[in-house]
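For the sequence shown, the positions run -20 to -1, 1 to 224 when mature numbering (1 follows the signal peptide of the UniProt record, and there is no 0) is used.
All C-beta atoms, glycine included, are put in the ideal place defined by N, C-alpha and C.
Here's the structure, in structure tokens; my notes come after.
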Amino acid sequence: LYAIMKVFFFILSLTSLGLADEEINSRYFPEGFKFGVANAAPQIEGGWIEDGKTESIWDHFAHTHPEMIIDGSTPDIASDSYHKYKEDVALVKAMGLDHYRLSIAWSRILPTGYTDKVNQAGVQYYKNLFAELKAANVEPMVTLYHWDLPQVLEDQLGGWLNETVADLFAEYARLCFELFKDDVKMWITINEPKQVCSAGYGAGYYAPGVVSSGIGEYICAKNVIMAHAKAYHIYDDEFRATNQ
């Protein structure tokens, strides 16, 4: 009986696979569906203190808590996209993709975290990247914040536990909207805001490594939501009409 049951379930599984294959083969993407790939500045750029960039919380966290990263890697060099962005874009084009999601490193554009000191070398890096994407007929989708707060704002203000950082993010967002208004039509404010707060300011296993479960993540969440709202309204009020 056991042998018969094994054969029965084997045949049943083959039948299920056949049905699944037929279902998958009958599916299609709608006309105009956009295919792309995504990355994040601290994960691929490298050049962590090059050409005026300053330390981010992920730079600092990787250097001071290497035990929290399985392979001990850091954002120092990463995939070296800071120097190899042309190769990256060529790969995107070779795959036949039409969208490329990337993030801007806040501390590469604003070394102090504040808009009174703009790093022109950082601005030019992104200008060059966007020009390369345009030449390849690839549309950029840009994230303003992918977990890499300037370390100076963590040191001086307590990072996302301080509501002032929401205001500074809004100013940084406005600057990016203005600087890259001719290059970028699709913006994302903050990547995975829950992880920013629960892992960064609650459990502490992501940068900046603050352990304050039950308190920190909620304060952070309020400020991150406010930051998103402020940036959204700046774009909606000042840029949306002309940035189509």
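Separation of residue j from residue i, as counted between CA atoms
| i | j | result |
| --- | --- | --- |
| F149 | A207 | 6 Å |
| I57 | H63 | 10 Å |
| K210 | A146 | 8 Å |
| F219 | E47 | 43 Å |
| I29 | I89 | 12 Å |
| N99 | V204 | 25 Å |
| L137 | Q224 | 36 Å |
| residue 237 | D39 | Nothing can be reported for residue 237, as the shown portion of the chain is limited to -20 through 224. |
Secondary structure of residue i, DSSP reduced to three states
| i | result |
| --- | --- |
| S83 | strand |
| P173 | helix |
| N203 | helix |
| H213 | helix |
Test: residue i CB closer than 8 Å to a CB of chain B
| i | result |
| --- | --- |
| A153 | Reference to chain B is not applicable here, since this structure consists of a single protein chain. |
Residues sharing a beta bridge with residue i, DSSP
| i | result |
| --- | --- |
| I168 | T123 |
| residue 228 | Residue 228 is absent from the structure shown; the chain starts at -20 and stops at 224. |
| G16 | H79 |
| P130 | S36 |
Same chain only: Cβ atoms within 8 Å of residue i, ignoring 5 sequence neighbours per side
| i | result |
| --- | --- |
| A70 | A116 |
Neighbourhood of residue i by C-beta distance below 6 Å, restricted to the same chain and skipping five residues each side
| i | result |
| --- | --- |
| I199 | L141 |
| Y65 | L109 |
| G168 | Looking at the sequence provided, one finds Ile at residue 168 rather than Gly. Once the five neighbours on either side are set aside, the close Cβ partners of I168 are T123. |
- In the region 22 to 62, which residue ranges form an unbroken alpha helix (DSSP H) of at least 4 residues, counting only runs that do not cross its ends? 37 to 44
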